[in-house]
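Okay, structure first, notes after.
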Amino acid sequence: MEQAGKTVVFADLTGSTGLFESAGNVVATHVVTRCTQTLGAHFARAGGHMVKYLGDGVLVTFDDTVAAVEACIRTK
Numbered sequence: 000m001e002q003a004g005k006t007v008v009f010a011d012l013t014g015s016t017g018l019f020e021s022a023g024n025v026v027a028t029h030v031v032t033r034c035t036q037t038l039g040a041h042f043a044r045a046g047g048h049m050v051k052y053l054g055d056g057v058l059v060t061f062d063d064t065v066a067a068v069e070a071c072i073r074t075k
């Protein structure tokens with residue numbers, strides 16, 4: 000029996016701690032939420048399945064490894 004594999008992607012925002020320190024909780028929370036939602040939508044359009052939003056990151060699975068890698072490259 001062949002098992003289907005999954006590719007797991009965890010993407011984390013860089014600099015969010017500094018943003019909270021410089022902009023304050025309200026502004027930083029708004030910015031981080033918008034960024035993670037945008038990132039989640041990007042991965043979903045690429046065929047990813049959102050598992051969880053984790054603070055300033057997202058956890059996504061892909062059935063297609065190539066699609067996962069290409070989606071990650073496009074986030075840069």
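Position 55 of the sequence shown, counting from 1, maps to 54 under numbering that gives the first Met the number 0, and the rest follow consecutively.
From the three backbone atoms N, C-alpha and C, an ideal C-beta is built for every residue, glycine too.
These figures come from a predicted structure and were not determined experimentally.
In the structure shown, L53 falls within a strand segment according to DSSP collapsed to helix, strand and coil.
Judged by beta-carbon spacing, V31 lies within the 8 Å limit of D55, meaning their Cβ atoms are closer than that value. Nearest Cα to R44 within the set S21, F61, E20 and A22: F61.
Take the alpha-carbon of K51 and the one of G23: they are about 24 Å apart. Beta-bridge pairing by DSSP links V59 to V8 and M49.
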